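Inspection log for the structure reproduced underneath, given as structure tokens.
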Amino acid sequence: MGNTAPAENGNNTMKKKSSGLFPVSPYMVIPSRVGGFALYLKQGEEFVLYAERGVLFTDEHRERLTKLDVKHVYIKAEDYAFYNTYLHDNLLELLDDEIIPVRERARAWNDATVSLAKDAFDKKLPATMDKRQFIRIRKLINSSLRFLAREDSLRELARFIADGSELYRHGIGVMVMTISVLSSYVKDDSDLMVAVGMGALLHDIGKLELPDHLFSRRGDSLSMDEQGLIRSHPALGVGVCSSLPLPQETLQCILFHHECNDGTGYPSGAQGDMLPSYVKVLSLCNEYDNLTRGLHGRKKLTPFEALTRIKNRRGCFDKEMLARLIAILSKAKLT
Ligand SMILES: [Fe+2]
Ligand SMILES: [Fe+2]
4 MGNTAPAENG NNTMKKKSSG LFPVSPYMVI PSRVGGFALY LKQGEEFVLY
54 AERGVLFTDE HRERLTKLDV KHVYIKAEDY AFYNTYLHDN LLELLDDEII
104 PVRERARAWN DATVSLAKDA FDKKLPATMD KRQFIRIRKL INSSLRFLAR
154 EDSLRELARF IADGSELYRH GIGVMVMTIS VLSSYVKDDS DLMVAVGMGA
204 LLHDIGKLEL PDHLFSRRGD SLSMDEQGLI RSHPALGVGV CSSLPLPQET
254 LQCILFHHEC NDGTGYPSGA QGDMLPSYVK VLSLCNEYDN LTRGLHGRKK
304 LTPFEALTRI KNRRGCFDKE MLARLIAILS KAKLT
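The sequence shown begins at 4 in this note's numbering and counts up one residue at a time.
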């Protein structure tokens with residue numbers, strides 16, 4: 004805190020209102036960074052100011068928290084936007100910091116990603132993605148590649164990303180699995196990884212243009228017209244992103260994520276040899292996430308059940324990519 008000693012006296016004690024503060028791991032506070040937020044410690048039922056807003060957090064601060072075995076520091080809810088900016092600005096450094104337990108890094112990644120994805124999938128008319136959102140998403144994925152390629156991070160991330168039926172959660176789940184599978188065979192091509200990661204996160208953004216009820220019902224309860232509308236969501240997704248300078252790979256991911264190896268998919272019915280391998284990875288991970296999340300009015304399946312179901316539809320999904328997905332899930336002990 005530069006020369007400012009941490010405040011520890013009763014003058015800075017807040018009223019007992021835990022609802023106004025949220026906990027973060029002390030590991031998340033990087034020494035030598037100025038956060039636009041104050042930090043509090045919980046002492047009994049009260050919150051005590053530990054570091055004021057806008058001052059430098061030092062090594063001494065962090066060491067003291069470690070010595071005191073502090074599990075959480077607290078930030079006021081009204082400072083959440085500042086904390087979020089701080090997370091995004093420092094994400095690469097946080098994710099690469101081996102001192103921070105992988106679970107805490109997974110939590111930080113999830114916090115940063117949820118806020119961004121939620122914003123991108125916010126239902127607005129007309130549905131469009133703006134350039135500012137696109138630049139932030141690209142930066143976040145670029146910062147995440149190394150972390151998402153680790154087996155242990157996948158296991159920890161699963162705790163945070165596995166549940167929830169919202170579109171943005173599905174997008175995050177599909178992105179994590181797609182980047183994991185891609186990392187097993189794409190080397191030294193971060194541009195491709197970022198482009199496909201963006202496509203995976205945004206693949207269903209065209210659904211924002213259609214009524215929600217279409218996607219919460221089982222396919223066999225839909226009329227032909229309704230099925231036609233559903234089949235339009237990949238093309239609508241490309242339209243939502245049309246004002247952005249998206250790479251070709253991202254657009255292909257959005258447009259072709261429902262294609263099948265055997266040509267039975269939509270919108271084009273293209274067969275396997277016409278589809279890039281990253282589209283096949285995305286199509287597979289999309290189905291896996293749909294099944295394990297219990298989307299489209301279906302029962303939520305365990306990873307084992309979902310993989311069995313996918314194996315039974317081998318004509319649609321690429322055999323090699325399925326083997327890679329199974330290997331990754333089993334190494335991360337998720338099957
Ligand atoms: Fe879709
Ligand atoms: Fe999807």
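All C-beta atoms in this analysis are idealised placements derived from N, C-alpha and C, irrespective of residue type, glycine included.
If you're wondering where the values come from, they're calculated on a predicted model, not measured in any experiment.
Those residues placing their Cβ nearer than 5 Å to any heavy atom of ligand 2 are, following chain order, Asp207 and Asn289. Phe50 is positioned such that its CB atom lies no closer than 8 Å to that of Leu68.
Between Leu287 and Phe320, the CB-CB gap stays under 8 Å. No heavy atom of ligand 1 is found nearer than 7 Å to the CB of His64. Residue pairing of Phe25 in beta bridges, as defined by DSSP: Ile78. Boundaries of the alpha helix (DSSP H) harbouring Glu308: Pro306 to Lys314, taken from the DSSP string. For Tyr43, the beta-bridge partners assigned by DSSP are Leu52 and Tyr77. Taking C-beta separations shorter than 7 Å and ignoring five residues to either side along the sequence, the partners of Asp114 in its chain run Leu90, following chain order. Between the C-alpha atoms of Thr253 and His64 there is a straight-line separation of about 43 Å. Counting along the chain, Asn87 sits inside the alpha helix (DSSP H) bounded by residues Tyr83 to Asp99.
For Ala111, the uninterrupted alpha helix (DSSP H) run begins and ends at Val105 to Ala123, by DSSP.
At a Cβ-Cβ threshold of 8 Å, Tyr30 and Leu44 do not count as neighbours. Sixteen is the threshold: when 16 or more other Cβ atoms of the shown chains lie within 10 Å of the Cβ of Arg327, as they do, the residue is buried.
A residue is called buried once 16 or more other Cβ atoms fall within 10 Å of its Cβ, and Ile102, having fewer, is exposed.
A straight-line Cα-Cα distance of about 13 Å links Pro270 and Leu278. With 16 or more neighbouring CB atoms inside 10 Å of its own CB, Gly268 falls in the buried class. Contiguous beta strand (DSSP E) elements confined to the segment 214-275 do not occur, taking only those with 3 or more residues. Using a cutoff of 7 Å, the CB of His299 does not count as near ligand 1, since none of the ligand's heavy atoms is closer than that. Remark: the C-beta of His216 is outside contact range of ligand 1, defined as less than 7 Å to any heavy atom. Around the C-beta of Arg234, fewer than 16 other C-beta atoms lie within 10 Å, and the residue is accordingly described as exposed. Distances from the CB of His75 to the heavy atoms of ligand 1 are all 7 Å or more.
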